[in-house]
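K.L.:
Encoded as structure tokens, here's the structure I'll be asking about.
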Amino acid sequence: MAMAWIWTGMVVLSLVFGLINGSLDAVADAAMSGASTAIELSLSMAGVLCLWSGVMEVMNVCGLSAGLSRIFRPLLRRLMPKSSRDEETLAALSANFSANLLGLGNAATPLGIRAARRMARGCGGVASNELCLLVVMNTASIQLLPTTIASVRSACGSQTPFDILPAVWLSSALSVAVGLGTATLLSRWGGGDV
Amino acid sequence: MNLSSLVIPLLLSAVAIYGMGKRVNVYETLAHGAEEGLTVLLRIIPSLVGLLTAVSMFRASGAMDWLCTLCSPVLQWLGVPVETVPLMLIRPVSGSGALAIGSDLMESYGPDSYIGRVAAVMLGSTETTFYAIAVYFGSAGIVRTRHTVPSALAADLAGFVASAFAVRLFFGV
Numbered sequence: 212m213a214m215a216w217i218w219t220g221m222v223v224l225s226l227v228f229g230l231i232n233g234s235l236d237a238v239a240d241a242a243m244s245g246a247s248t249a250i251e252l253s254l255s256m257a258g259v260l261c262l263w264s265g266v267m268e269v270m271n272v273c274g275l276s277a278g279l280s281r282i283f284r285p286l287l288r289r290l291m292p293k294s295s296r297d298e299e300t301l302a303a304l305s306a307n308f309s310a311n312l313l314g315l316g317n318a319a320t321p322l323g324i325r326a327a328r329r330m331a332r333g334c335g336g337v338a339s340n341e342l343c344l345l346v347v348m349n350t351a352s353i354q355l356l357p358t359t360i361a362s363v364r365s366a367c368g369s370q371t372p373f374d375i376l377p378a379v380w381l382s383s384a385l386s387v388a389v390g391l392g393t394a395t396l397l398s399r400w401g402g403g404d405v
Numbered sequence: 788m789n790l791s792s793l794v795i796p797l798l799l800s801a802v803a804i805y806g807m808g809k810r811v812n813v814y815e816t817l818a819h820g821a822e823e824g825l826t827v828l829l830r831i832i833p834s835l836v837g838l839l840t841a842v843s844m845f846r847a848s849g850a851m852d853w854l855c856t857l858c859s860p861v862l863q864w865l866g867v868p869v870e871t872v873p874l875m876l877i878r879p880v881s882g883s884g885a886l887a888i889g890s891d892l893m894e895s896y897g898p899d900s901y902i903g904r905v906a907a908v909m910l911g912s913t914e915t916t917f918y919a920i921a922v923y924f925g926s927a928g929i930v931r932t933r934h935t936v937p938s939a940l941a942a943d944l945a946g947f948v949a950s951a952f953a954v955r956l957f958f959g960v
């Protein structure tokens with residue numbers, strides 16, 4: 212329901228501010244263009260989505276993802292004990308983690324979605340604690356090499372575009388820790404797991 | 788050279804060579820797996836349409852600017868420079884919007900200035916939260932997101948405050 216409240220809030224506030232500021236024409240145009248941006252965005256990510264789903268399949272069939280799972284199993288078994296019991300979910304989770312760490316956001320999303328779809332089975336549309344954790348970890352950033360930001364910095368004339376790395380690591384770690392901590396706390400009084 | 792330009796081709800070749808070594812029909816398997824991408828895409832589109840419509844209305848109406856002025860005092864109190872407040876507010880809803888604002892800050896204040904660095908660290912240590920929520924839950928068919936949204940937003944806020952703190956820690960003001 213959280214998304215429903217946020218969505219309603221945003222749309223109603225847009226109407227109110229459109230009336231106050233006299234920007235109602237712009238708001239109406241924005242609604243239409245926003246909707247079509249969504250389709251453009253989906254189409255632009257379609258190829259990447261299919262590509263990485265395909266690569267994941269190849270990795271599964273030839274046994275590469277089993278190797279990746281072995282590396283991440285100790286960590287994931289602690290974070291998500293239920294989901295990591297299923298081999299294929301564990302493989303997708305491990306691949307999602309690796310892609311995130313490498314800073315391949317485009318690859319991480321399809322791999323994470325693969326894990327999420329398996330984790331959501333039999334939940335009846337209610338997110339389990341572990342699924343919430345997966346999404347929280349993907350909304351916080353755990354990348355080791357923020358290459359996009361470094362290239363923007365060097366384009367702006369920075370001499371040492373990568374000197375922010377320790378600061379990025381520190382604030383990513385704090386952000387992920389707060390996300391996981393909040394999720395764990397809220398899951399206790401949030402009506403129990405499914 | 789951008790490092791990710793090396794990673795992707797290397798990764799694809801490594802998987803292909805390893806698969807061929809295992810006598811796997813790499814091409815057929817890739818195409819078969821790619822089919823799943825299409826199913827996922829169809830389930831993502833509706834959530835994205837909802838999200839992006841609201842976001843672009845919110846920005847166009849001026850409500851976003853109002854939210855910035857509303858949040859500024861609290862965030863300043865938390866040690867976040869006021870110039871980066873618009874970046875923080877746009878970050879959870881639009882990745883490209885945040886990158887545009889961030890690049891603008893780096894350009895006008897200099898990439899090696901305090902503000903420029905804070906903007907870069909903020910961009911590097913957070914993700915497009917609502918986009919990820921819409922995409923993940925949309926594709927998994929989840930209706931009740933329970934505590935995900937508050938937890939993810941808490942992580943974002945912590946990331947922003949920590950970015951300003953980390954830059955002060957490593958570079959001084």
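Chains as they are written, first to last, in our numbering: chain A, 212 to 405; chain B, 788 to 960.
Where is the CB? At the ideal position from N, CA and C, for every residue including glycine.
1. Hey, is the region 351-360 of chain A in contact with the region 313-333 of chain A, meaning 3+ C-beta pairs nearer than 8 Å?
2. So which of Ile888/B, Val872/B, Met851/B, Leu886/B has the shortest CA-CA distance to leucine 224/A?
3. Relative to the C-alpha of threonine 320/A, which residue among Leu290/A, Val227/A, Pro292/A, Val347/A is closest?
4. When you compare the CB of serine 255/A with every CB in chain B, is at least one pair closer than 8 Å?
5. With DSSP collapsed to three states, give me the class of arginine 332/A.
6. Tell me, please, whether the CB atom of leucine 910/B is closer than 8 Å to any CB atom in chain A?
7. Between the region 292-312 of chain A and chain B, which residues of the former have CB atoms less than 7 Å from a CB of the latter, in chain order?
8. Decide if the region 232-242 of chain A is in contact with the region 290-301 of chain A; the criterion is three or more beta carbon pairs, one per stretch, under 8 Å apart.
9. Return the first residue and the last residue of the alpha helix (DSSP H) that glutamate 894/B is part of.
10. With DSSP as the reference, identify every bridge partner of alanine 351/A, one or two as the case may be.
11. Note the first and the last residue of the continuous alpha helix (DSSP H) segment covering serine 339/A.
12. Are leucine 345/A and alanine 318/A touching if we call contact CB-CB under 8 Å?
13. Along chain B, in chain order, which residues have C-beta atoms closer than 7 Å to that of glycine 368/A?
14. Here's a check: name, in chain order, each residue in its chain whose Cβ is nearer than 7 Å to the Cβ of glycine 911/B, leaving out the five neighbours to either side.
15. Is the CB of leucine 397/A under 8 Å away from at least one CB in chain B?
16. Can you give me, in chain order, the residues of the region 272-285 of chain A that have a beta carbon less than 8 Å from any beta carbon in chain B?
17. Output yes if chain B places a C-beta closer than 8 Å to the C-beta of glutamate 268/A; else output no.
18. Please state the DSSP three-state secondary structure of arginine 931/B.
19. So is glycine 959/B buried or exposed if we call it buried at 16+ other beta carbons inside 10 Å?
20. Can you have a look at serine 843/B and say buried or exposed, based on whether 16 or more other CB atoms are within 10 angstroms of its CB?
21. For the region 802-823 of chain B, enumerate the residues whose C-beta is nearer than 7 Å to any C-beta of chain A, in chain order.
22. Check the C-beta distance from alanine 303/A over to methionine 256/A and give it rounded, since I have them as a contact under 8 Å.
23. CB threonine 913/B to CB glycine 946/B, shorter than 8 Å?
24. For arginine 878/B, does the three-state DSSP call read helix, strand or coil?
25. Taking the alpha-carbon positions, what's the isoleucine 795/B to glycine 368/A distance?
26. Is it buried or exposed, threonine 826/B, if we count other Cβ atoms within 10 angstroms and call 16 or more buried?
P.N.:
Walking through what the data contain:
1. Segments in contact, yes.
2. Nearest C-alpha to leucine 224/A: Met851/B.
3. It is Val347/A whose Cα lies nearest to the Cα of threonine 320/A.
4. Taking 8 Å as the CB threshold, serine 255/A stays off the interface with chain B.
5. Secondary structure of arginine 332/A (DSSP, three-state): coil.
6. True, the Cβ-Cβ gap to chain A drops below 8 Å.
7. Listed by position, the residues of the region 292-312 of chain A near chain B (Cβ gap below 7 Å) amount to none.
8. By the C-beta criterion, the region 232-242 of chain A is judged not to be in contact with the region 290-301 of chain A, since fewer than 3 inter-stretch pairs fall below 8 Å.
9. Per DSSP, glutamate 894/B belongs to the alpha helix (DSSP H) from 882-896.
10. Answer is Thr913/B.
11. Where serine 339/A is concerned, there is no enclosing alpha helix (DSSP H), given that its DSSP letter is neither H nor E.
12. Cβ atoms of leucine 345/A and alanine 318/A: not closer than 8 Å.
13. Ordered by position in chain B, the residues that pass the 7 Å Cβ test against glycine 368/A are Pro898.
14. Excluding its 5 nearest sequence neighbours in each direction, glycine 911/B has no C-beta neighbour in its own chain below 7 Å.
15. It does; some Cβ of chain B falls within 8 Å.
16. When C-beta distances to chain B are compared with 8 Å, the residues of the region 272-285 of chain A below that value are Val272, Cys273, Gly274, Leu275, in chain order.
17. Yes, glutamate 268/A lies at the interface with chain B (some Cβ there is under 8 Å from its Cβ).
18. Note: arginine 931/B maps to strand in three-state DSSP.
19. By the Cβ neighbour-count rule, glycine 959/B is exposed, with fewer than 16 other Cβ atoms within 10 Å of its own.
20. So serine 843/B ends up on the buried side.
21. Answer set for the region 802-823 of chain B: Val802, Tyr805, Gly806, Lys809, Val811, Val813, Thr816, Leu817, Ala818, His819, Gly820, Ala821, Glu823.
22. Contact doesn't hold; Cβ gap of about 18 Å is too wide.
23. Contact annotation: threonine 913/B and glycine 946/B have beta-carbon atoms nearer than 8 Å.
24. Residue state, collapsed to three classes: coil.
25. Straight-line Cα distance between these residues: approximately 26 Å.
26. Classification for threonine 826/B: exposed.
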